[in-house]
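Undergrad: Going down the list, the sequences are from chains A and B.
For what it's worth, this note's numbering labels the leading residue of the first sequence as 99, then goes sequentially.
For what it's worth, this note's numbering labels the leading residue of the second sequence as 102, then goes sequentially.
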Amino acid sequence: MFNKFKKNESKLYQKERKLAFFLLLPTIFIILSIVIFPLLANFWISFKPISLGDLRPPKLIIKENLRGKLINKDKTAEIHYRYRNSSAKYDLNNVIFNDTIPKGFTIKKIEPNDTCEIKDKNLTCNLEKVPAKSSGKIILKITTNDYWKKNKDNPKNTRPTTSYQSKNILTSFEFTFDNFKKVFSATEFIQVLKVSIYYTIFGTAGALLVGLFAAQILQKSFKGRTFVRGLLLFPYISPVIAVAFSWVILFDPFSGVVNSMLIQMNVIDKPINFFGQKYTDISIFGYIFKFPLALSMVIAFEIWRYFPLSFLFILARMQSLPEDVFDAAEIDGASPFQQFYYISLPFLIGIISILFLLRFIWTFNKFDDIFLLTGGNAGTRTFTVNVYEQAFAISNLGAGAAVAVVIFTFLLVFSLVFIKYSKKEAF
Amino acid sequence: MFWKYGLFCSIFAGSIWGAFWQIIFTMMGILTFGIPLELDVNQMLIIGLVSGIFYINFQKTISMKIHLTTIFTMTLLVYVFNFGKPYQINESLNNINIFILIFLTSAVTWISINFSLNKISIGKLSRYDLENFYIKLMWGLGLIIFILITLVPFYIMIMTSLKNQQSLILNPLDFSLNINSDFKTLFNSYIELFTDFNFHLFLMNSFFVSCVTVFITLFFSIPGAYALARLRFPSKKLFSSSVILIYLIPSIVLVIPLYAIFSQIGLRNSLLALIIVYPATTIPVALYMLRGYFSSLSSEIDDAALMDGLSRVQIIFKIAIPLSKPAIVSVGLYVFMIAWNEFLIAFMFLDDPSIFTLSRGIMSLNSSEVPQQHLMAGAVIATIPVMIIFLYLEKFLISGLSTGGVKE
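Printed below as a string of structure tokens:
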């Protein structure tokens, strides 16, 4: 009896298991093909000498022209086929092209003679190999015949068809280490690394601290609290393109509100190019040091845009803290700062560390914000912007992919740390 | 120690609020009246300080009448300090506006002082009261600063979009709206965007791509989430946690191979490319949020339905989906927002202006030939739908986000 029950149970379990995999299959498939496969493809590309132009496969371009007039039998006209390899790098192999010659024409001569042959008005030319950059010409000398007099035909009415093979750089087995050599030996590598680290650490810590402060403020209940809570989320939910451009316009050196306001109130004499100036001199106690202005502005934007997220998480956690703990502390005579330091903070430390790791990874990965604010200029080029710069501005896809591999390596390390610590916190 | 006395607190709070509001209101005055005003922090700092001392001495006896008298006295003091010409402006400017500005500065400063010094005695304070005072002061300042820093960029965005080129160059600080101007001149940038810059197409494309993304995402993530929440299968935990790891992978790492592959198969410059890529980034989020919701439903209903002979697939359609309609709608809207806001993939993939999404379209406005107010009008157009959705699902979004269903 019990065995039978167990058997049924296991049958049910098997059924459930099948169904679960069936239900999850599309998700697995989509993630494998759009996330995991490109990830592996990125490694592949990073070892290849491939530029943006190579993505367009080499093509045989043929132009057909008619020279001379088709008047009567005696006059000869010429059909010119000009062909060209569109690629500057790759040869075309096994090139064959076909064209149908209309009935009304008689072919007198073909130049060059050995490549082409005619069967039943079908012209087949075997060009074999068309090297990169090269071009050539095939000339047919034709006359018209009786048939043409009834049906005036133009040889251009039939388009030539071609078949050829070429090497596809994406799928070939040509590899190189040049991309990585280039990325690591570039003088800017250290600079990019430094900027990425500064941006990530200060952006993450800043957003967390500001978020913590905002959560402390919003924890107290007051009239219109829900409204303010929604308001503070605006920077986070708005399209990045909208808020980034409104910052750019706000801090514009020529017509920006901030510069005009500061000049108006006699704080500065001439406008500051907030997003375009790498350093500005700041003197403290007569000691002048260089302040990285554009980078700080980008970090400020990062903090402004992402503090709502930390704020939301911390607030949610704080509201789950039982009220009577604070009442007890109050009775024991703990001051507000003591309550924060000894009760709230230890309670929040778990969520704060998880948030820190998560935000750290996301800030490190951030591309849109910096790209839209400065385009990676003025000392704000992080690894992510460098991917774009290498792959699409300099058109070296391989080098871009190599930078992406560097990012992914960092990411892997961060994720391992994240997994190790997130096990303690129920995420 | 002197800073432990209520008197010091009153001086401190009074001067801080005075200076703070003077700065804020001067800026507001410049932006709303469009006239140059000179910032003088010191006068209001001193007036605030004196009113702070006044308040802490007489707080128990202050009636409504005294409140009003104090505010008027403070306003009067500003005029006296400046020999009748506050902000050092010319006579030709509208003096009533200036008076209102100064009056508001005084009133708000006075209210803030009342708020921070309420129930603080003049003598030595206990540690508890002292800390409470500072916390209250920080709370007030913090709240106002937070509201201002979040609102200012949006305010500038909207106001810039309503200006014309001439007035922007003439005086970048003039955000006063000419109320007499008609609809056409006020919304000129918007009208031009829709007539000359194909924004109706961009809107339609964005809407189309986002809706299809929502549909595909929900179609695959509802059954997936149900499986994760209810069914038993091996390596379920591993699967759940790897879903989270998927959305730690940034799109910048994926964009080069996707670009290369999509170029080769001729898919790149098309909306279909976006429709293929977007769900891959939104399904993990939707899966995570819906799984949380399905788990919170009681599994007893499912068991009862199983007893009655319904299959699991029937349960999904007849029980799980109807029960979690509000959650599904909210997840759908959230996915809509993600797809609507997406920039990187659209920017890389789309070359043809007739299939631009809004993000891509606004990017194309970012050139020296297109005036600023057009760019800002574009930004407003892109932001409005997101704001509407957000206001609609604020409550769900906040609880959903804070339980971990968060997409960057």
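Just so it is clear, CB atoms sit at the ideal spot from N, CA and C, and this is done for glycine as well.
None of the values given here were measured: they were computed from a predicted structure.
Among A:I240, A:S261 and A:S264, whose alpha-carbon lies nearest the alpha-carbon of P253 (chain A)?
TA: One-based indexing of the first sequence puts residue 253 (chain A) at position 155. Nearest C-alpha to P253 (chain A): A:I240.
Undergrad: For I112 (chain B), collect the residues of the same chain with a Cβ closer than 7 Å to its Cβ; drop the 5 residues on either side in sequence, then sort them by chain order.
TA: Position 11 of the second sequence holds residue 112 (chain B). Taken in chain order, the residues that qualify are L150, G153 and I154.
Undergrad: Residues of chain A with CB closer than 8 Å to the CB of R392 (chain B), please, in chain order.
TA: Here residue 392 (chain B) refers to the residue found at position 291 of the second sequence. Simply none; closest approach about 11 Å.
Undergrad: Mind checking R461 (chain B): buried by the 16 CB within 10 Å criterion, or exposed?
TA: Translated into the one-based positions of the second sequence, residue 461 (chain B) becomes position 360. When all chains shown are included, R461 (chain B) counts as buried.
Undergrad: Below 8 Å, how does it come out for the stretch 440-460 of chain B and the stretch 334-342 of chain A: are there three or more Cβ pairs, yes or no?
TA: Yes, since at least three Cβ pairs between the stretch 440-460 of chain B and the stretch 334-342 of chain A fall closer than 8 Å, the two stretches touch.
Undergrad: Is there a Cβ of chain A sitting closer than 7 Å to that of T206 (chain B), yes or no?
TA: One-based indexing of the second sequence puts residue 206 (chain B) at position 105. Chain A, which has no Cβ nearer than 7 Å to the Cβ of T206 (chain B), makes this no.
Undergrad: Can you tell me the Cα-Cα spacing of N255 (chain A) and S184 (chain A), whole angstroms?
TA: As a first step, residue 255 (chain A) must be located in the first sequence, where it is residue number 157. As a first step, residue 184 (chain A) must be located in the first sequence, where it is residue number 86. Rounded to whole angstroms, the gap between the alpha carbons of N255 (chain A) and S184 (chain A) is 24 Å.
Undergrad: Is there a C-beta anywhere in chain A that falls below 7 Å from the one on M145 (chain B)?
TA: Residue mapping note: residue 145 (chain B) aligns to position 44 of the second sequence, counting from 1. M145 (chain B) does not count as touching chain A.
Undergrad: With a threshold of 7 Å between beta-carbons, can T480 (chain A) be considered close to chain B, or not?
TA: As a working mapping, residue 480 (chain A) is identified with position 382 in the first sequence. So no, T480 (chain A) is outside the interface.
Undergrad: Could you tell me how far apart the beta carbons of S344 (chain A) and M438 (chain B) are, in whole angstroms, since I believe they sit closer than 8 Å?
TA: Position 246 of the first sequence, counted from the start, is the residue given in the question as residue 344 (chain A). Position 337 of the second sequence, counted from the start, is the residue given in the question as residue 438 (chain B). Contact doesn't hold; Cβ gap of about 18 Å is too wide.
Undergrad: Against N140 (chain A), what residues of chain B qualify as contacts under a CB-to-CB distance less than 8 Å, listed in chain order?
TA: Locating residue 140 (chain A) in the first sequence gives position 42, counting from the first residue. Ordered by position in chain B, the residues that pass the 8 Å Cβ test against N140 (chain A) are V354, L355, I357 and P358.
Undergrad: For the stretch 287-301 of chain A, which residues have a beta carbon sitting closer than 8 Å to at least one beta carbon of chain B?
TA: Correct list: empty, as no residue qualifies.
Undergrad: Using DSSP with H/G/I as helix, E/B as strand and the rest coil, what is V356 (chain B)?
TA: In the second sequence, counting from the first residue as 1, residue 356 (chain B) sits at position 255. Looking at V356 (chain B) - three-state DSSP - the assignment turns out to be helix.
Undergrad: Can you find a CB in chain B that lies within less than 7 Å of the CB of S336 (chain A)?
TA: Counting from one through the first sequence, the residue named residue 336 (chain A) turns up at place 238. Chain B contact via Cβ: present.
Undergrad: Determine the chain B residues that contact R115 (chain A) at a beta-carbon separation under 9 Å, and present them in chain order.
TA: Within the first sequence, numbered from 1, the residue matching residue 115 (chain A) stands at position 17. By Cβ distance, chain B contributes L332, R333, F334 and P335.
Undergrad: Our contact map puts L203 (chain B) next to T176 (chain B) with C-beta atoms below 8 Å; I'd like the distance itself, whole angstroms only.
TA: Mapped onto the second sequence, residue 203 (chain B) falls at position 102. Mapped onto the second sequence, residue 176 (chain B) falls at position 75. Per the sequence presented here, residue 203 (chain B) reads as Ile, with Leu not at that position. The pair is a contact, with the Cβ atoms about 5 Å apart (cut-off 8 Å).
Undergrad: If you follow the alpha helix (DSSP H) that S233 (chain A) is in, where does it begin and where does it stop?
TA: The sequence position of residue 233 (chain A) within the first sequence is 135, counting from 1. Premise fails: S233 (chain A) lies in the beta strand (DSSP E), S233 to T242, not in any alpha helix (DSSP H).
Undergrad: Taking a contact to mean a Cβ-Cβ separation below 7 Å, would you say F395 (chain B) touches A330 (chain B) in this structure?
TA: To locate residue 395 (chain B), count along the second sequence from 1; it is residue 294. To locate residue 330 (chain B), count along the second sequence from 1; it is residue 229. Yes; because the gap between Cβ atoms is below 7 Å, this pair is in contact.
Undergrad: Of the residues that make up the stretch 349-363 of chain A, which ones have a beta carbon closer than 7 Å to any beta carbon in chain B?
TA: S353, G354, V355, S358, M359, Q362 and M363
Undergrad: State yes or no: is the beta carbon of V396 (chain A) nearer than 7 Å to at least one beta carbon in chain B?
TA: Here residue 396 (chain A) refers to the residue found at position 298 of the first sequence. It does not: the Cβ of V396 (chain A) has no partner Cβ on chain B nearer than 7 Å.
Undergrad: For chain B, check one thing: does any of its Cβ atoms lie closer than 7 Å to the Cβ of N192 (chain A)?
TA: Working through the first sequence from its first residue, we reach residue 192 (chain A) at position 94. Chain B, which has no Cβ nearer than 7 Å to the Cβ of N192 (chain A), makes this no.
Undergrad: Identify every run of the beta strand (DSSP E) within the stretch 178-253 of chain B, keeping only runs that are complete inside it and at least 3 residues long; order them along the chain.
TA: Contiguous beta strand (DSSP E) elements confined to the stretch 178-253 of chain B do not occur, taking only those with 3 or more residues.
Undergrad: Taking the DSSP output, what are the residues bridged to L190 (chain A)?
TA: As a position in the first sequence, residue 190 (chain A) is number 92, starting the count at 1. Answer is A:V228 and A:S264.
Undergrad: Taking the continuous alpha helix (DSSP H) assigned at R327 (chain A), which residues delimit it?
TA: Walking along the first sequence from the start, residue 327 (chain A) turns up at place 229. Element bounds for R327 (chain A): R323 to L330.
Undergrad: Note down the Cα distance separating D141 (chain B) from N364 (chain A), rounded to an integer number of angstroms.
TA: Within the second sequence, residue 141 (chain B) is the residue found at index 40, counting from 1. Within the first sequence, residue 364 (chain A) is the residue found at index 266, counting from 1. In a straight line, the C-alpha of D141 (chain B) is about 10 Å away from that of N364 (chain A).
Undergrad: Below 8 Å on the Cβ atoms is my guess for S307 (chain B) versus T458 (chain B); work out the distance and round it to an integer in Å.
TA: Within the second sequence, numbered from 1, the residue matching residue 307 (chain B) stands at position 206. Within the second sequence, numbered from 1, the residue matching residue 458 (chain B) stands at position 357. Yes, they are in contact, since the Cβ atoms of S307 (chain B) and T458 (chain B) sit about 4 Å apart, within 8 Å.
Undergrad: I'd like to check one pair, R182 (chain A) with S233 (chain A): are the Cβ atoms closer than 7 Å?
TA: Counting from 1 along the first sequence, the entry for residue 233 (chain A) is found at position 135. Counting from 1 along the first sequence, the entry for residue 182 (chain A) is found at position 84. Contact flag set, yes.
Undergrad: What do you get for Y360 (chain B), buried or exposed, if any count of 16 or more other CB atoms within 10 angstroms of its CB means buried?
TA: On the second sequence, position 259 is the one that residue 360 (chain B) refers to. With 16 or more Cβ atoms within 10 Å of its Cβ, Y360 (chain B) is classed as buried.
Undergrad: Quick one: is Y327 (chain B) buried, meaning 16 or more other Cβ sit within 10 Å of its Cβ, or exposed?
TA: Position 226 of the second sequence, counted from the start, is the residue given in the question as residue 327 (chain B). So Y327 (chain B) counts as buried.
Undergrad: Helix, strand or coil, according to DSSP, for A75 (chain A) in the structure here?
TA: The displayed coordinates of chain A run from 99 to 525. Any statement about residue 75 (chain A) would go beyond what the structure contains.
Undergrad: Can you look up N158 (chain B) in the DSSP assignment and give me helix, strand or coil?
TA: Counted from its first residue, the second sequence places residue 158 (chain B) at position 57. Assignment of N158 (chain B) by DSSP, reduced to helix, strand and coil, places it in the helix class.
Undergrad: Sort B:I422, B:P423 and B:N272 by Cα distance to T133 (chain B) and report the nearest one.
TA: Within the second sequence, the letter at position 32 stands for residue 133 (chain B). Nearest option by C-alpha distance: B:N272.
Undergrad: Applying a beta-carbon distance threshold of less than 8 Å, which residues of chain B neighbour D466 (chain A)?
TA: In the first sequence, counting from the first residue as 1, residue 466 (chain A) sits at position 368. Under the 8 Å cutoff, chain B gives F444 and L445.
Undergrad: If we ignore side chains and look at the alpha-carbon of each, how far apart do E232 (chain B) and S433 (chain A) end up?
TA: Locating residue 232 (chain B) in the second sequence gives position 131, counting from the first residue. Locating residue 433 (chain A) in the first sequence gives position 335, counting from the first residue. Their Cα atoms are separated by approximately 7 Å.
Undergrad: In three-state terms, what does DSSP make of N277 (chain A)?
TA: Taking the first residue of the first sequence as 1, we reach residue 277 (chain A) at position 179. In this structure, N277 (chain A) counts as helix in the three-state DSSP scheme.
Undergrad: Buried or exposed: which applies to L339 (chain B), given that a residue is buried once 16 or more other Cβ atoms fall within 10 Å of its Cβ?
TA: Translated into positions along the second sequence, residue 339 (chain B) becomes position 238. Under this definition L339 (chain B) is an exposed residue.
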